[in-house]
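Novice: I have a structure I would like to understand better, so I am pasting it below and will then ask my questions one at a time.
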Amino acid sequence: MSDGQNRDVGYWFALPRLVARIAGRKVRRAEWSRWEAYGVGLLVFGIGCVFLAHALFEVVRPWALRSLCLLITPVAIWIACLLVYFVNWLIAGLLRRLGLYSAPTNNPLQSVMIISLITLLALLLLRDESGWFRSLGAFWLALLALNLLSAAILRTRHVP
Amino acid sequence: MHARAWLRNFAVRGVFWRRYLDFGVTNVPFYLRTVMMLIWTTFFFFFAVPARRALLRNLAVILPGSSRLTNYGRAWLTLFNYAWTIADAADHKLAKSEFAYTVVGADNLDRLAAGSGAILLTAHMGSYDLGAALFADRYHREIRMVRAPEADEKTAQHVDKSLARATAGAVKIAYNTSGMTLPFELLNALRAGEIVSILGDRVPAGSSQRETRLFGEVVRLPDGPFILAFVAEAPIFPLFILRTSFHHYKIIVGDPFYCRRSAASRDAAVEAALATWCRTLEQVIAPNWPQWFALVPIFPAS
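As structure tokens, this is what we get:
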């Protein structure tokens, strides 16, 4: 536990950590940011929902059925997430047995897998005809690129 | 019979959900948990009917005059907060995640830690498991925590193991059953200088209780902590740990009060201390109603 009465700020992603450092704040790697906790999750879930709904709209034409699709899309994405977590858990178990993975939790591996999956969806959205979908895909890819760049900068400066 | 026992694992208070929570904490990155919390809270809002009804009744008393529909929304919010706090406790236990906290009444917390033999009186608010772990970690002191026994045996075992793991054995659990040994055990602990933590906003079945007034309603609350304080001549420290934001908590430690022998009878001293506790509860619960996880009926039905 940490005594939060100091002025420390904690972010898990490299991009806000770098921005906070540039702004002159004392920052470290910690899962303390509500923006990361709530915002990134909703963005990931949102991209999944937009992709599925868009794909369903390609084949479903009547508006009544489309409305139904919109209702079931979040539930379907949620079930898909549960399946992805389960499959990744199996993969993590296998990697642990092979001695290739030893983190205390499976969260780092799950992060890599899910962010890769969402990046794939974002790349597909980028190829769409609609400007809105392309923007959403580009937004995710820009965030990812900036975060990777920030991580590289922090690493070269030996900042944890 | 085996099938029924197996199905019991999936009841609202069954061990399946505790294990599922552990799975979630170790397999869902923190930034992806919000959506899971939203959906599971909605699931339990519909299926945990007795808990929902208890919350609605509490809200009707704490916030009189509000519409039933608004209170349904508030009950959902309370369950959402509850989901986060039990997830945070599991997170601390399994992933050793860091939590930031602020203390209101730090002097009182220091006095509690430095003193010899005290009762830490708390309520089903925020994450009291996490609070106990934090206290044990910060002050390197053991706590004897009194809890109501879990309805499900496997869940009870899971909770015991979890708490022992989160606090490296610094928190010893004593179950509040109708047996006669617990009061003597606690009295001995207090006289040996230990800190005894008791939940004072709900009466476990078969426990000693007394009528008092809370938010203007007649309720029955445990009087055991006050009788214990009276006999051991130990101070009572009200302590609450509230979730303020993601992985952020606020610890509120009130001024200690006593249940002392005076010119009045023992009953009068206990009633006065109970009334002091009720006023403290009202002051903390009223502005923090989304974090009062009293999931069983406390107030009489309207």
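Going down the list, the protein sequences come from chains B and G.
For the first sequence, the numbering used here begins at 59 and goes up steadily by one.
For the second sequence, the numbering used here begins at 8 and goes up steadily by one.
Note that the Cβ used here is the ideal one computed from N, Cα and C, for glycine as well.
Given the structure is predicted, the values throughout are model-derived calculations rather than measurements.
#1: For a quick check, are the C-beta atoms of Y108/G and K257/G less than 8 Å apart?
#2: State yes or no: is the beta carbon of A200/B nearer than 8 Å to at least one beta carbon in chain G?
#3: Mapping the DSSP letters down to three states, classify M171/B as helix, strand or coil.
#4: So, helix, strand or coil for G68/B, using DSSP?
#5: So V102/B and L39/G are supposed to be a Cβ contact under 8 Å. How far apart are they, rounded?
#6: Counting only Cβ-Cβ distances shorter than 9 Å, please list the residues of the stretch 125–152 of chain B near chain G, keeping chain order.
#7: Compare the beta carbon distance of T162/G and R25/G with 8 Å and say whether it is the shorter of the two.
#8: If we call anything under 8 Å between Cβ atoms a contact, is L204/B one with L73/B?
#9: Run down chain B in chain order and give the residues with a C-beta less than 8 Å from the C-beta of T77/G.
#10: Around the Cβ of E89/B, are there at least 16 other Cβ atoms within 10 angstroms (buried) or fewer (exposed)?
#11: Please compile the residues from chain B whose C-beta is within a distance smaller than 9 Å of the C-beta of V42/G.
#12: Using the three-state DSSP reduction, which class does V217/B fall into: helix, strand or coil?
#13: Need the endpoints of the alpha helix (DSSP H) that R20/G sits in, please.
#14: Under 8 Å between C-beta atoms, does S188/B make it to chain G?
#15: Please report whether the beta-carbon of P36/G lies at a distance below 8 Å from any beta-carbon of chain B.
#16: Ignoring anything shorter than 4 residues, give me the alpha helix (DSSP H) runs that lie fully in the stretch 219–255 of chain G, in order along the chain.
#17: Give me the Cα-Cα distance between V303/G and A58/G, rounded to the nearest whole angstrom.
#18: Are the CB atoms of I234/G and V203/G nearer to each other than 8 Å?
#19: Could you tell me which of H131/G, F191/G and W284/G sits nearest to P211/G, measuring between CA atoms?
#20: Identify each residue in the stretch 136–170 of chain G for which the Cβ-Cβ distance to at least one residue of chain B is less than 8 Å, and report them in chain order.
#21: Would a C-beta distance cut-off of 8 Å place G138/G and I248/G closer than the cut-off?
#22: Since I46/G meets chain B, which of its residues come closer than 7 Å, beta carbon to beta carbon?
#23: Taking beta-carbon pairs under 9 Å, can you tell me which members of the stretch 97–115 of chain G lie near chain B?
#24: Just list the alpha helix (DSSP H) runs in the stretch 76–159 of chain B, keeping only unbroken ones of 4 residues or longer that don't cross its boundaries, in chain order.
#25: By the DSSP assignment, the alpha helix (DSSP H) with R118/G in it spans what residues?
#26: Give the residues of chain B in contact with H131/G, contact being defined as C-beta atoms less than 7 Å apart.
Specialist: In short, the structure shows the following:
#1: Looking up residue 108/G in the second sequence gives position 101. Looking up residue 257/G in the second sequence gives position 250. Yes, the pair counts as a contact, with Cβ atoms nearer than the cut-off.
#2: For the purposes of this step, residue 200/B is taken as residue 142 along the first sequence, with counting starting at 1. No, A200/B does not count as interfacial toward chain G.
#3: Position 113 of the first sequence, counted from the first residue, corresponds to residue 171/B. Note: M171/B maps to helix in three-state DSSP.
#4: Translated into the one-based positions of the first sequence, residue 68/B becomes position 10. Of the three classes helix, strand and coil, the one that applies to G68/B here is strand, per DSSP.
#5: As a position in the first sequence, residue 102/B is number 44, starting the count at 1. As a position in the second sequence, residue 39/G is number 32, starting the count at 1. So it is a contact: roughly 6 Å between Cβ atoms.
#6: Those would be P132, V133, I135, W136, C139, L140, Y143, F144, N146, W147 and A150, in chain order.
#7: As a working mapping, residue 162/G is identified with position 155 in the second sequence. As a working mapping, residue 25/G is identified with position 18 in the second sequence. Cβ atoms of T162/G and R25/G: closer than 8 Å.
#8: Counted from its first residue, the first sequence places residue 204/B at position 146. Counted from its first residue, the first sequence places residue 73/B at position 15. When the beta-carbon positions are compared, L204/B and L73/B come within less than 8 Å of each other.
#9: Within the second sequence, numbered from 1, the residue matching residue 77/G stands at position 70. In chain order: nothing, as chain B lies at least about 23 Å away.
#10: Within the first sequence, the letter at position 31 stands for residue 89/B. Its Cβ being crowded by 16 or more others within 10 Å, E89/B is buried.
#11: As a working mapping, residue 42/G is identified with position 35 in the second sequence. Neighbours of V42/G on chain B, chain order: G99, L100, V102, F103, P132, I135, W136 and C139.
#12: Here residue 217/B refers to the residue found at position 159 of the first sequence. Shown here, V217/B sits in coil according to DSSP, grouped into three states, outside any helix or strand.
#13: Position 13 of the second sequence, counted from the start, is the residue given in the question as residue 20/G. Membership of R20/G in any alpha helix (DSSP H) is not indicated, and neither H nor E is assigned to it by DSSP.
#14: Indexing the first sequence from 1 puts residue 188/B at position 130. The beta-carbon of S188/B is placed no less than 8 Å from the nearest beta-carbon of chain G.
#15: Taking the second sequence and counting its residues from 1, one reaches residue 36/G at position 29. Judged by the 8 Å Cβ criterion, P36/G is in contact with chain B.
#16: For the alpha helix (DSSP H) assignment, the uninterrupted runs of no fewer than 4 residues enclosed by the stretch 219–255 of chain G are, from N- to C-terminal side, 231–239.
#17: On the second sequence, residue 303/G is found 296 positions in, with the first residue counted as 1. On the second sequence, residue 58/G is found 51 positions in, with the first residue counted as 1. Take the alpha-carbon of V303/G and the one of A58/G: they are about 6 Å apart.
#18: Start at 1 with the first residue of the second sequence, and residue 234/G comes out as number 227. Start at 1 with the first residue of the second sequence, and residue 203/G comes out as number 196. In terms of Cβ geometry, I234/G and V203/G do not form a close pair [threshold 8 Å].
#19: Within the second sequence, numbered from 1, the residue matching residue 211/G stands at position 204. Of all alpha-carbon atoms in H131/G, F191/G and W284/G, the one lying nearest the alpha-carbon of P211/G is that of H131/G.
#20: Residues A140, L141, D144 and R145.
#21: Position 131 of the second sequence, counting from 1, holds the residue named residue 138/G. Position 241 of the second sequence, counting from 1, holds the residue named residue 248/G. With a cutoff of 8 Å on beta-carbon distance, G138/G and I248/G are scored as near each other.
#22: Within the second sequence, the letter at position 39 stands for residue 46/G. Residues of chain B with a Cβ closer than 7 Å to the Cβ of I46/G are, in chain order, W136.
#23: Contacts with chain B (Cβ-Cβ distance below 9 Å) from the stretch 97–115 of chain G involve D98, H99, L101, A102, K103, S104, E105, F106, A107, Y108, T109, V110 and A113, listed in chain order.
#24: Qualifying alpha helix (DSSP H) stretches, in chain order: 99–117 and 121–155.
#25: Indexing the second sequence from 1 puts residue 118/G at position 111. Residues A113 to A121.
#26: As a working mapping, residue 131/G is identified with position 124 in the second sequence. Chain-order list of chain B residues neighbouring H131/G: empty, with the shortest C-beta distance near 21 Å, by a criterion of under 7 Å.
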